[in-house]
Amino acid sequence: MKINRHSVLFKINLVFILSFAVLLFFYLFAHKIINRVETFKFIRKAVFLVKKNKLKDAKVFGVNLIKNQKNINKILKNGKIILKRNPPRLDYTLNLLSFNGNKYLYFKSKTEKINLLLERISGINERQNILLAAWVGLNVILILLYISIFRSIRPLKKLRDNIEEFKNGNINVNLSSYASRKDEIGFLAKEFKETIDNLKKTMSTRIWFIRNIAHELKTPITKGKIALELLKDEDENKKRIFSDIFNRLEMLINELFAAEKIAAGNEILNTTACSLTSIINRANELLFVKNDGVINIVSDNPDYTVKGDCELLSIGIKNLIDNAVKFKTNGKSPVTVSIKKGVLSIINEGPKPPISEDVMFEPFSKEINAKNKDGFGLGLYITKQIIEKHGLKIIYEYTGGKNIFKIDLNKILCS
1 MKINRHSVLF KINLVFILSF AVLLFFYLFA HKIINRVETF KFIRKAVFLV KKNKLKDAKV
61 FGVNLIKNQK NINKILKNGK IILKRNPPRL DYTLNLLSFN GNKYLYFKSK TEKINLLLER
121 ISGINERQNI LLAAWVGLNV ILILLYISIF RSIRPLKKLR DNIEEFKNGN INVNLSSYAS
181 RKDEIGFLAK EFKETIDNLK KTMSTRIWFI RNIAHELKTP ITKGKIALEL LKDEDENKKR
241 IFSDIFNRLE MLINELFAAE KIAAGNEILN TTACSLTSII NRANELLFVK NDGVINIVSD
301 NPDYTVKGDC ELLSIGIKNL IDNAVKFKTN GKSPVTVSIK KGVLSIINEG PKPPISEDVM
361 FEPFSKEINA KNKDGFGLGL YITKQIIEKH GLKIIYEYTG GKNIFKIDLN KILCS
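Residue numbers (full-length UniProt numbering): 1 to 415.
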């Protein structure tokens, strides 16, 4: 598992680990100091009792005189000497021993007096109790603080998933779980929700505008077509030109309606199995430009069959071919429609458009420097909506002076 050293959670974990380590260090250090103080207090008490010959009161001072010679020999043999002293005003040399976690002071006589072994019996003192209680209390506070902070920032991951979901096209992400939060995460979620709501309003306005303007255009187009049919004496060539114009505008409006229904999620696909070759042929029939030998179709399998809305797929592919034909710069070089291993590619020779791939698929987006290129910049937008409705992706590449649009159809290919 890869650790993200820049994440907030990693830094919080690091701070708390260091805090626990520092607390442990100070506890051990303080414990050692207290033990040392208590040891020297034990030595002072023992020396006082021996010097004043008050060993009968030893237990009152938390000291015990060991009289059993067997125990004395065992402690002297196995105990670890941690301190040696030779007080000039005392008839004994002192050896401080540690045995089984306790401290012993051995008084070795310099004369013919009896040797003495005293044991510390005071047990855990009050200072050690306070130190332990303080250390445990601080650790409990740190743990509770860590849990509280962790619970506070845990929704960040969920919010990140919501943003990722929104980025992938879902504008109906559920942010209700953040409504009751009063912290920075709740504030951020609130701002994010307001951004989504504003975007929804903008999209609704755009859809309303496109639908209304398309509706307004349909009426004069229909009237124009009727008027054109009533013209009997006009030149047939002129009538054909005007008829093509009206048909083209009507087709564009119908495509725009379909694309907006798809974008709004209101379009239900008429899914059937159909030949990919027939879809491409239908696309050629719908072309806004005449196919006078400028389109070359290459396929590694003429029997490809896809499952989808064949009419919408034809419109989408038609827009790609139409775009490629209009923007190719080499008049002799044909537009290639290639199908290899289930991947459909539309290829034309020409310069790379001076707009980014993201902008390229937006409505009314056109190459602003292109001359004599008719159209409204809606073709790629409509195609993208159709392709994504089928669960596919359209990819743009520019390689070797060629513009290439690719659609991987394997997901909807019939086996």
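For each residue, glycine too, the CB sits at the ideal point set by N, CA and C.
Here the structure is a predicted model, which means the values were calculated and not measured.
Of the residues 336, 340, 410, the one placed nearest residue 350, counting alpha carbons only: 336
Residue 385, buried or exposed, once every other Cβ within 10 Å from all chains shown has been counted against 16: buried
Pairwise C-alpha distance: residue 346 and residue 404: 6 Å
6 Å CB neighbourhood of residue 276 in its chain, flanking five on each side removed: 304, 306
Where the alpha helix (DSSP H) containing residue 361 begins and where it ends: Per DSSP, residue 361 belongs to no alpha helix (DSSP H) and is neither H nor E.
Option nearest residue 402 by Cα separation, candidates 343, 412, 324: 324
Candidates 379, 25, 11, of which the one nearest residue 249 by Cα: 379
Buried or exposed by the 16-neighbour rule on C-beta atoms within 10 Å, applied to residue 111: exposed
Contact between the region 74–86 and the region 98–107 (3+ Cβ pairs under 8 Å): yes
At least three beta-carbon pairs within less than 8 Å, the region 185–192 to the region 150–170: yes
Buried or exposed (CB count within 10 angstroms, at least 16 for buried), residue 310: buried
Simplified DSSP state of residue 173, which is helix, strand or coil: coil
Residues near residue 437 by beta carbon distance below 6 Å, same chain, minus five either side: No statement about residue 437 is possible, as the shown extent of the chain runs from 1 to 415 and does not include it.
Residues near residue 108 by beta carbon distance below 7 Å, same chain, minus five either side: 92, 93, 95, 115
Where residue 6 falls, given that 16 or more other Cβ within 10 Å makes a residue buried: exposed
The alpha helix (DSSP H) enclosing residue 316, as first and last residue numbers: 310–327
Stretch-stretch touch, CB-based, cutoff 8 Å, three pairs: the region 135–148 with the region 12–32: yes
Residue range of the alpha helix (DSSP H) that includes residue 100: No alpha helix (DSSP H) contains residue 100, which DSSP labels as neither H nor E.
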